[in-house]
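Engineer: Take any residue in the sequence shown, note its place counting from 1, add 176, and you have its number in the numbering used here.
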Amino acid sequence: VVTARKREETLQDISAAVSVVTSDMLRDKVVTDVRDLQNMIPSLNVGEAIGIMKLNMRGLSNSTVVRGEDSEVVLHVDGAVISRAEAQGSAFFDLDRIEVLRGPQGTLYGRNSTGGTVNLITAKPTRELSGYANATVGNYSLKKFEGAIAGPLSERVLGRIALMGVDRNGYAKNLATGKDFLDERRWATRAHLQFDVPDDVRFLLTGEYTKQNDRSGHLTFLD
Numbered sequence: 177v178v179t180a181r182k183r184e185e186t187l188q189d190i191s192a193a194v195s196v197v198t199s200d201m202l203r204d205k206v207v208t209d210v211r212d213l214q215n216m217i218p219s220l221n222v223g224e225a226i227g228i229m230k231l232n233m234r235g236l237s238n239s240t241v242v243r244g245e246d247s248e249v250v251l252h253v254d255g256a257v258i259s260r261a262e263a264q265g266s267a268f269f270d271l272d273r274i275e276v277l278r279g280p281q282g283t284l285y286g287r288n289s290t291g292g293t294v295n296l297i298t299a300k301p302t303r304e305l306s307g308y309a310n311a312t313v314g315n316y317s318l319k320k321f322e323g324a325i326a327g328p329l330s331e332r333v334l335g336r337i338a339l340m341g342v343d344r345n346g347y348a349k350n351l352a353t354g355k356d357f358l359d360e361r362r363w364a365t366r367a368h369l370q371f372d373v374p375d376d377v378r379f380l381l382t383g384e385y386t387k388q389n390d391r392s393g394h395l396t397f398l399d
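1) Closest to glycine 335 by C-alpha separation, out of Gly307, Leu358, Tyr316 and Arg344, would be which residue?
2) If you follow the beta strand (DSSP E) that aspartate 372 is in, where does it begin and where does it stop?
3) With a floor of 4 residues, list each alpha helix (DSSP H) that falls wholly inside the region 180–262, ordered by position along the chain.
4) Quick one: Cα of phenylalanine 321 to Cα of isoleucine 274, how far?
5) In three-state terms, what does DSSP make of tyrosine 347?
6) Tell me the rounded alpha-carbon separation between glycine 282 and glutamate 248.
7) Near tyrosine 347, which residues of its chain fall below 7 Å by C-beta distance, leaving aside the five closest residues on each side in sequence?
8) Whole angstroms are fine: how far does the CA of glycine 354 sit from the CA of threonine 293?
9) On the three-state DSSP scale, how would you describe leucine 284?
10) Apply the 10 Å Cβ neighbour rule to threonine 298 and answer buried if 16 or more other Cβ atoms are within range, or exposed otherwise.
11) Got a sec, what are the start and stop residues for the beta strand (DSSP E) proline 301 sits in?
12) Report back the beta-carbon spacing between alanine 364 and phenylalanine 269 to the nearest angstrom; my notes put them in contact at under 8 Å.
13) Bridge partners of tyrosine 316, per DSSP?
14) Buried or exposed: which applies to methionine 340, given that a residue is buried once 16 or more other Cβ atoms fall within 10 Å of its Cβ?
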């Protein structure tokens, strides 16, 4: 069941070109970043230049590296458009699934979705106490943590909170200053509050905060 066309329907009933990646697939394939999706989604290519994400689908993308430029492939998180390309890699944690629609989607997703749209669907609160925690270590002193916990706060209120943090040294060196760059130091948190009111009506309040302080958005040259 997907919501790519703004309503619940089975993937077999959709006439549009839709690809779905579930949370199990993300875990099994070790997909940890928006850029990893290009290995799983047909006709999707993802690059990055000076910290600006470049989503390319069917040959359409943002053509420059001007900050604030609108891309022709839009990215949504739970229906909210993330228009700034610098912020499109921040929400990639605690996901339930990813739905990618290829081709013009202006009717459902606005004028900037000429090439298609990438929808990140986050995991929602649950009626039973649930959660997970993942830790990763690697070269260049990589340390990464991701976890979430969800459950009932009262009879009609459910909650979920997720955290993600990554710290990694840079793998390139500025020859002028001697300092490393292309490092990664950021953390993010997301909280959901779901209110179940009578007559099968649900109200979901979501907040998300991300902070990044590193040297990952530099121009690089090869001599």
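From the three backbone atoms N, C-alpha and C, an ideal C-beta is built for every residue, glycine too.
Structural biologist: Put simply:
1) Walking along the sequence shown from the start, residue 335 turns up at place 159. Nearest option by C-alpha distance: Gly307.
2) For the purposes of this step, residue 372 is taken as residue 196 along the sequence shown, with counting starting at 1. Annotation: the continuous beta strand (DSSP E) that includes aspartate 372 extends over 360–373.
3) If we require 4 residues or more, the alpha helix (DSSP H) runs fully inside the region 180–262 come out as 199–204.
4) Your numbering for residue 321 matches position 145 in the sequence shown. Your numbering for residue 274 matches position 98 in the sequence shown. Rounded to the nearest angstrom, the two C-alpha atoms are 21 Å apart.
5) For the purposes of this step, residue 347 is taken as the residue at position 171 of the sequence shown. Look at tyrosine 347 here: in three-state DSSP terms it is coil, with no helix or strand label.
6) Residue 282 sits at position 106 when you count from the first residue of the sequence shown. Residue 248 sits at position 72 when you count from the first residue of the sequence shown. Annotation: glycine 282 to glutamate 248 spans about 10 Å, alpha carbon to alpha carbon.
7) Counting from 1 along the sequence shown, the entry for residue 347 is found at position 171. Correct list, in chain order: Tyr316 and Leu358.
8) Working through the sequence shown from its first residue, we reach residue 293 at position 117. Working through the sequence shown from its first residue, we reach residue 354 at position 178. Computed Cα separation, rounded: 41 Å.
9) The sequence position of residue 284 within the sequence shown is 108, counting from 1. Residue state, collapsed to three classes: helix.
10) The sequence position of residue 298 within the sequence shown is 122, counting from 1. Within 10 angstroms of the beta-carbon of threonine 298 lie 16 or more other beta-carbons, which makes it buried.
11) Along the sequence shown, one-based indexing puts residue 301 at 125. Here proline 301 belongs to no beta strand (DSSP E), and DSSP marks it neither H nor E.
12) Walking along the sequence shown from the start, residue 364 turns up at place 188. Walking along the sequence shown from the start, residue 269 turns up at place 93. Contact between alanine 364 and phenylalanine 269 holds, since their C-beta atoms are separated by about 6 Å, short of 8 Å.
13) For the purposes of this step, residue 316 is taken as residue 140 along the sequence shown, with counting starting at 1. In the DSSP output, where bridge partners are listed per residue, tyrosine 316 has none listed.
14) By one-based count along the sequence shown, residue 340 stands at place 164. It is buried - the Cβ of methionine 340 has at least 16 other Cβ atoms within 10 Å.
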